[in-house]
Amino acid sequence: MVKIILLATGGAIGTVFRYALSGLTYRVFDSVFPWGTLFVNLSGSLVIGLLWGFFEIESLPSNLRSFVFIGILGGFTTFSTFTLESFSMFRDGELKLA
192 MVKIILLATG GAIGTVFRYA LSGLTYRVFD SVFPWGTLFV NLSGSLVIGL LWGFFEIESL
252 PSNLRSFVFI GILGGFTTFS TFTLESFSMF RDGELKLA
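192 is the number of the first residue of the sequence shown in our numbering; add one for each residue after it.
#1: Quick one, are the C-beta atoms of Phe208 and Ile263 less than 9 Å apart?
#2: Report the rounded CA-to-CA distance for Lys194 versus Ser257, giving the unit in angstroms.
#3: Under 9 Å, do Glu285 and Val231 count as touching if we go by C-beta distance?
#4: Using a threshold of 9 Å, state whether the C-beta atoms of Gly242 and Val259 are closer than that.
#5: Between the alpha carbons of Pro225 and Gly244, how many angstroms are there, rounded?
#6: Applying the 10 Å Cβ sphere with the 16-neighbour rule, what's the burial state of Phe278?
#7: So the candidates are Lys287, Phe220, Thr269 and Met280; which of them puts its Cα closest to the Cα of Ile187?
#8: How close, in whole Å, do the beta carbons of Ala211 and Gly266 come, if the pair is a contact with beta carbons under 8 Å?
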């Protein structure tokens with residue numbers, strides 16, 4: 192039960208970070224292309240890779256590992272948003288961007 196609460200809390204934190212960073216990116220780059228999603232997924236993937244490498248050397252408790260990687264970073268990065276935005280661009284005739 193503790194792990195489920197940690198995952199839900201981490202997911203909520205990651206989702207709020209994604210929403211804030213994606214919104215900021217969309218305000219900076221006023222474009223049809225989903226720069227926010229691209230930036231979030233690239234930065235999230237980089238952080239996952241760096242932290243995973245670091246924590247392979249340093250021990251991290253299982254619950255904390257799940258909270259960080261599955262919860263926060265899983266909520267931060269999202270393949271489903273990428274898929275939805277690609278489909279929307281395809282539907283709107285933006286084939287090169289999709």
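We put the CB at the ideal spot given by N, CA and C, even for glycine.
The short version:
#1: Sequence index remark: in the sequence shown, residue 208 carries index 17 (1-based). Sequence index remark: in the sequence shown, residue 263 carries index 72 (1-based). Judged by their CB atoms, Phe208 and Ile263 are nearer to each other than the 9 Å cut-off.
#2: Taking the first residue of the sequence shown as 1, we reach residue 194 at position 3. Taking the first residue of the sequence shown as 1, we reach residue 257 at position 66. Spanning the alpha carbons of Lys194 and Ser257 requires a straight line of approximately 8 Å.
#3: Counting from 1 along the sequence shown, the entry for residue 285 is found at position 94. Counting from 1 along the sequence shown, the entry for residue 231 is found at position 40. Result no, Cβ atoms of Glu285 and Val231 do not sit closer than 9 Å.
#4: Mapped onto the sequence shown, residue 242 falls at position 51. Mapped onto the sequence shown, residue 259 falls at position 68. The displayed chain sequence assigns Leu, not Gly, to residue 242. Yes.
#5: As a working note, residue 225 is residue 34 in the sequence shown. As a working note, residue 244 is residue 53 in the sequence shown. Approximately 29 Å, taken between the alpha carbons.
#6: On the sequence shown, position 87 is the one that residue 278 refers to. Under this definition Phe278 is an exposed residue.
#7: Within the shown structure, residues of the chain are numbered from 192 to 289, placing residue 187 beyond reach of any answer.
#8: In the sequence shown, residue 211 corresponds to position 20, counting from 1. In the sequence shown, residue 266 corresponds to position 75, counting from 1. That belief does not hold up - the Cβ atoms of Ala211 and Gly266 are roughly 12 Å apart, past 8 Å.
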